[in-house]
Every structure is written in C-alpha cells, then in structure tokens.
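Residues -33 to -1, 1 to 237, numbered by mature numbering (1 follows the signal peptide of the UniProt record, and there is no 0), are exactly what the sequence shown covers, in order. Where a beta carbon is used, it is the ideal one built from N, C-alpha and C, also for glycine. Reviewing the structure listed below.
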Amino acid sequence: MRPAEESALNWFVKVVFVLGMSLVSVAPTSVQAQDDQATYQAVAQSTYMKGVEALEKENFLDAGRYFNTVRSRFQYSQFAPLSELRLGDVYLGQEKYAAATEQYRAFVKLHPNHEEVPYASWMVAFAFYKQIPSDWFIFPPSYERELSRSKDAARELAFFLRRYSDSKYAPEAKRKLVEVRRRLADHEFYVANFYIDRDNPKAAAARLRGLLEEYSGLGLDAEALFLLARAYLEQKDVESAKKALDDLIEFHPNHALASEARDYIATHGL
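Now the structure itself:
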C-alpha cells in the first residue's frame, strides 16, 4: 500500500472510531432523557390524580396543595393547565366564588384553545348563579345588592349560551337562565305590588312596564297586565288601562284573568 493510501485509510479509521464513540456516549444520554421525561409525566399525572381524588372527597385543602404542586413543579406537563382549572373547582367547593371566577377566567385567557375552555366558561356563569340566595327578594334592605347578583348571573349565563350553544353544558345553562330571569320577573312583580299597596300606582306601573319589556314569556305576563291596568285606573288613565286589559284578552285568552278583564270592560263600559 502506498503511503498516501495508508494515510487516508488511517484517517478514515480514526473518524469512524470517533463517531462510534460518540454514538456510544450519546445513545445512553438520549435514553436517559426519555426515561426522565416519562418519570416527569408520570409523577405529574400521579400528583394530579391525587388532587382529583381529594377534590371528589371534598378535601379541598389537600386538593389545592396537589394542584398547586403540579402547576408549579410540572408546568411543562399536560396536567399543569388541568390543575389550574381544578383549582377553580376547589375555590367553588369552598364557596369562594370570586376566587373561582378569577381562576376560571385566567384559565380561559391563558389556554384559549384548550378543550376544557367551554367547561371553564360554564363554571364562571355557574359561580355567579351560586351567589344568588333562594329567598333574596323577600328582604327589602338587601334586595338591591342581591338583584345585582341575579342580573350578573343572567348576563353570564346568556354570554355562555351565545358562545357555546352546542356545548353539553348548554341545556343546564338554559334552565338556569330561565330560572334566574323568572326570579328577576318575580322581583319586579313583588315590588309593583308593594307600590300598589302603598298608594303609589305610578311607580307600580313603571315596574310592570319594565317587567313586560324585559321578562315577557316567563309566566307572569297576564298577571302583570292585569295589575298594570289597575295601576293606570288608580291614576285615572282609563285609555292606558283599557289597552292593558285588551292585551291581556288578546294574548292570553285562556287565562283566568282574561275572563275578569272581559267582565271589567263590560261592567264599566270601557
């Protein structure tokens, strides 16, 4: 073999040897990295599931600790955003509704394309709904504050339904929206009666007109029209009273109050 050929061969052997040693040294490192990643994901999942189990048992303090651990120590795992979402559930379970709402909204903002965004949006509306006392309109001193909460809940439920009308949560949201709107209508009717009983028919008429404009179709229209006619009559506004009674007869002909309206019109020659 000529010296030049021998030199080239030696160079080639050296290169192959170096590459071989590189592969030997790199391969275990790559495998180790894969093992580390698998361990990272496994621990993240295990910690998250412990949080879920604690949440299901309503052990909210432990659940919060597990979810915060995942969020802070495993922020690059798929369970980090889920833990952020579950923290909203923890706050909701603790009846910390403002904190729950903030947590759910933060999740939506940080992960707008996450598959759980509809759930987070639904829970925002649900958190507002949960803040409405069942008998709030009975207590006049605090009713304005509770009325505001009911309006907030109605707004959030309607917002959710506009964005996620096909969501699996939509049917429940629709039921709760109807319920909240009926409560608001009941409140307006309650206040209108309050004004009638205290000889303030003008204020009563204003409440009843608002009820018919904002909350029609919820089961109070006939009663509102009949009471509105009374409020107008007490103000000597016969024309407006007649219009209210005519609307009652036209749009609710089978209601018991429609018969009373017909009798009143006939008796008084309206």
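Between the alpha carbons of residue i and residue j, how many angstroms are there, rounded?
i       : j      : result
Asn26   : Gln70  : 19 Å
Arg165  : Arg176 : 18 Å
Leu14   : Tyr182 : The sequence given here places Thr at residue 14; Leu does not occur at that position. Approximately 48 Å between the Cα atoms of the pair.
Ser115  : Lys63  : 18 Å
Arg142  : Ile99  : 15 Å
Phe41   : Ala121 : 37 Å
Leu54   : Tyr96  : 19 Å
Lys24   : His222 : 49 Å
Pro138  : Thr6   : 41 Å
Ala233  : Leu187 : 24 Å
Leu215  : Glu206 : 14 Å
Phe46   : Pro220 : 59 Å
Ala(-7) : Arg32  : With a pLDDT of 43 at Ala(-7), under the threshold of 50, the modelled position of this residue cannot be trusted; read the value that follows with caution. C-alpha separation (whole angstroms): 38 Å.
Asp153  : Tyr43  : 50 Å
Leu8    : Met90  : First, the residue type needs correcting, since residue 8 is Gln and not Leu in the sequence shown. Using only the alpha carbons, I get a separation of about 27 Å.
Tyr131  : Asn80  : 14 Å
Glu217  : Tyr157 : 25 Å
Under DSSP, the alpha helix (DSSP H) around residue i begins and ends at which residues?
i      : result
Asp230 : Ala223 to His235
Lys210 : Val205 to Phe218
Arg150 : Ala137 to Asp164
Leu179 : Pro168 to Glu181
Tyr199 : Asp188 to Glu201
Under 8 Å by Cβ, that's how I've got residue i and residue j pegged, so tell me the actual separation to the nearest angstrom.
i      : j      : result
Leu212 : Ala228 : 4 Å
Ser117 : Arg150 : 6 Å
Asp56  : Leu22  : 6 Å
Complete alpha helix (DSSP H) runs within the region 40 to 117 (minimum length 4 residues, chain order): 46 to 60, 64 to 77 and 84 to 97
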